[in-house]
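Using our numbering, read the sequence shown as starting at 34 and increasing by one per residue. Every residue gets a Cβ at the ideal spot worked out from N, C-alpha and C, and that includes glycine. Predicted model only: the values in this text are computed from it and were never measured.
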Amino acid sequence: MKIVQVETFSVEPRWVFIKISTDEGLHGWGESLGDKAPVIAAAVHNYEDGLLGQDPRRIQHLWQALYRGAFWRGGPVLNAAISGIEMALWDILGKSLGAPVYQLLGGAVRDRIRVYSRPHGSTSTELAESARNLVTQGFTAFKLCPFDRVKMVDHYQVVEEAVNRVSAIRDAVGSGVDILLDFHGRVTPAMAIWLEEALRSCHPMFIEEPALPENVDAMANLARQFKTPIATGERLFTKWGFREILEKSAAAVLQPDPCICGGIFEARAIAAMAEAYYVAVAPHNPYGPINLAAALQIDACTPNFLIQEYVHLGEGYLKAPFEVTNGYIELPNGPGLGIELNEDFLKSRPLQPKPDVGRWFHADDGSMADW
Ligand SMILES: [Mg+2]
């Protein structure tokens, strides 16, 4: 079997899909980071010469060739391109063998996959109401960032408002529901300590990215001072990118994103490393339905999986969109990634150009805030 074509589809709302076709009529789908779509799509096509004519079933070999085959490696753009390509190769391999990818990776270790949602609104009342609705729909977990722009050292009001929002949700849903807090790398370690101490009374399941990923020691220091578990990893790539987090016990939950971290097999490798440190894995995915399909394959066969993020089940894009029932998605049982794309729909939703520049500023002095 040989690869004969590599195509990219940049589609609304912010996704890059990759289709790899073979000379035997099989094709596979992958998804790459959509935030810098034109650059990511160009990076995918930059790898085309290394893929055309190759056997798509030699996934590890091709990954090694793409990742290690050139002097410059790493970073979000190249890793996202490789991740999306790798995902498509697994889809082809699974289809060629008539098996879901998770069966090829050791088989399912669970019967269904727990997912979390997001409450909507900005006031305490709106958030509490939205959270109550989600619980009524069967969700047992949801995530929010309880603040927006935060200065390097900010007013106590920021902490107070965050606590008010999260307390209102806790009061609305009780203790049997998990509240996940995402600090989004928006705050300094000083503010993170202040916020975590104040939010402890709301018993969040974890706090995500309480520091930016550039400084692992800063995250490790927070882990020493927090009582709440730390989750991180959506902006880290490959087993090498996650190594230091584990060695320094900087997090209790890793969040590799299949469309950025290096792909399905790399996410499994990261999860296996985490398992040795008694660290859980909650794959990141605020992106599209192909990335969700890849994440579900990983979740199905990963013993230390905790919970899955999603924002879109693929309505319109997938011939059979995923369904959430009582906060869980059933294991997909189709071959490969277990999905079929509606190509006409993709072609009717071309991605419109979007700015990818600084966009968040403090109201008082106009200086840049971390997004
Ligand atoms: Mg996040």
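Boundaries of the alpha helix (DSSP H) in which residue i is found, first to last residue
i      : result
Ala251 : Val249 to Gln258
Leu177 : Per DSSP, Leu177 belongs to no alpha helix (DSSP H); it is in the beta strand (DSSP E), Ala174 to Leu177.
Val44  : Taken as a continuous stretch (DSSP letters only), Val44 belongs to no alpha helix (DSSP H), being part of the beta strand (DSSP E) at Ile36 to Val44.
Asp181 : No alpha helix (DSSP H) holds Asp181; DSSP gives it neither H nor E.
Thr271 : Thr271 to Glu280
Ala114 : Gly108 to Leu130
Tyr361 : Looking at the DSSP string, Tyr361 is not in any alpha helix (DSSP H); the run it does join, the beta strand (DSSP E), is Tyr361 to Glu363.
Gln93  : Ile92 to Arg101
Val142 : Per DSSP, Val142 belongs to no alpha helix (DSSP H) and is neither H nor E.
Pro322 : Pro322 to Ala333
Ala201 : Tyr189 to Val206
Glu159 : Ser157 to Thr169
Bounding residues of the beta strand (DSSP E) (the contiguous stretch that carries residue i)
i      : result
Trp227 : No beta strand (DSSP E) holds Trp227; the alpha helix (DSSP H) holding it covers Pro222 to Leu232.
Tyr149 : Arg145 to Tyr149
Ile372 : It is not in any beta strand (DSSP E) - Ile372 carries neither H nor E in the DSSP assignment.
Lys52  : Trp48 to Thr55
Tyr135 : First-last for Tyr135: Val134 to Leu137, but that is the alpha helix (DSSP H), not the beta strand (DSSP E).
Tyr311 : Here Tyr311 belongs to no beta strand (DSSP E), and DSSP marks it neither H nor E.
Gly83  : That residue, Gly83, is in no beta strand (DSSP E); its alpha helix (DSSP H) goes Glu81 to Leu84.
His60  : His60 to Ser65
Thr265 : Ile263 to Thr265
Leu214 : Asp211 to Asp215
Ile240 : Phe239 to Glu241
Whole-angstrom distance between residue j and residue i, CA atom to CA atom
i      : j      : result
Ile92  : Ile278 : 27 Å
Tyr310 : Trp48  : 33 Å
Ser65  : Asp398 : 36 Å
Pro405 : Leu384 : Residue 405 lies beyond the residue range present for the chain, which begins at 34 and ends at 404; the question has no answer from this structure.
Ala264 : Asp56  : 43 Å
Asp144 : Glu363 : 7 Å
Met185 : Ile372 : 44 Å
Phe338 : Leu379 : 31 Å
Glu159 : Val199 : 11 Å
Met306 : Pro243 : 22 Å
Val192 : Ser157 : 14 Å
Cys334 : Pro289 : 15 Å
Pro105 : Leu99  : For clarity, residue 105 is Trp in the given sequence; the question names Pro instead. Spanning the two alpha carbons is a distance of roughly 10 Å.
Ile293 : Glu194 : 33 Å
Phe259 : Cys235 : 14 Å
Asn248 : Phe394 : 23 Å
Ala201 : Ala161 : 6 Å
Leu374 : Asn79  : 24 Å
His188 : Gly140 : 51 Å
Trp404 : Val196 : 20 Å
Gly207 : Met401 : 37 Å
Ala132 : Ser282 : 36 Å
Ile115 : Asp68  : 15 Å
Ala409 : Leu122 : With the chain covering 34 to 404 only, the question about residue 409 has no answer from this structure.
Trp291 : Trp273 : Here residue 291 is Pro; the residue named in the question, Trp, does not match the sequence. The alpha-carbon atoms of Pro291 and Trp273 are separated by roughly 15 Å.
Leu95  : Pro179 : 42 Å
Asp181 : Arg101 : 39 Å
Gly295 : Gly360 : 28 Å
Leu370 : Lys387 : 29 Å
Residue nearest to residue i in terms of C-alpha spacing, selected from the options
i      : options                           : result
His345 : Gly360, Tyr320 and Ala327         : Tyr320
Glu308 : Ala328, Ala327, Glu280 and Asn324 : Glu280
Gly108 : Glu348, His317 and Leu269         : Leu269
Gln87  : Trp404, Ala74, Asn366 and Ile118  : Ile118
Ala223 : Gly207, Leu245, Gly140 and Val206 : Leu245
Asp377 : Leu351, Val357 and Pro386         : Leu351
Ser163 : Ala300, Phe180, Arg203 and Arg301 : Arg203
Ala103 : Ala205, Gly83, His188 and Ala141  : Gly83
Asp389 : Glu40, Ala70, Gly63 and Gly207    : Ala70
Ala327 : Gln97, Asp211, His94 and Ile146   : Ile146
Ala285 : Arg101, Ala74, Lys35 and Leu255   : Leu255
Asp211 : Arg165, Arg101 and Ile36          : Arg165
Ala113 : Ser381, Ala300 and Thr169         : Ala300
Ile331 : Gln190, Gly218, Leu137 and Arg257 : Leu137
Under 7 Å between C-beta atoms of residue i and residue j
i      : j      : result
Phe50  : Ile323 : yes
Pro152 : Phe172 : no
Leu329 : Pro354 : no
Met120 : Ile297 : yes
Pro368 : Gly127 : yes
Leu213 : Met252 : no
Val148 : Val357 : yes
Glu342 : Asn318 : yes
Met271 : Glu229 : Just to set this straight, residue 271 is Thr in the shown sequence, not Met. Contact: no.
Val183 : Val220 : yes
Phe275 : Ile240 : no
Val110 : Glu81  : no
Val314 : Ala302 : no
Leu287 : Gly266 : yes
Arg382 : Val142 : no
Cβ distance (whole Å) where residue i is taken to contact residue j below 8 Å
i      : j      : result
Ser150 : Leu177 : Wrong, their Cβ atoms sit about 10 Å apart, outside the cutoff.
Asp124 : Gly58  : In fact, because the Cβ distance is near 14 Å, the residues do not count as touching under 8 Å.
Ser54  : Arg90  : About 14 Å separates the two Cβ atoms, so there is no contact after all.
Below-7 Å beta-carbon distance, residue i vs any chain D residue
i      : result
Gly371 : Within the model displayed, chain D is absent; a lone protein chain is all it includes.
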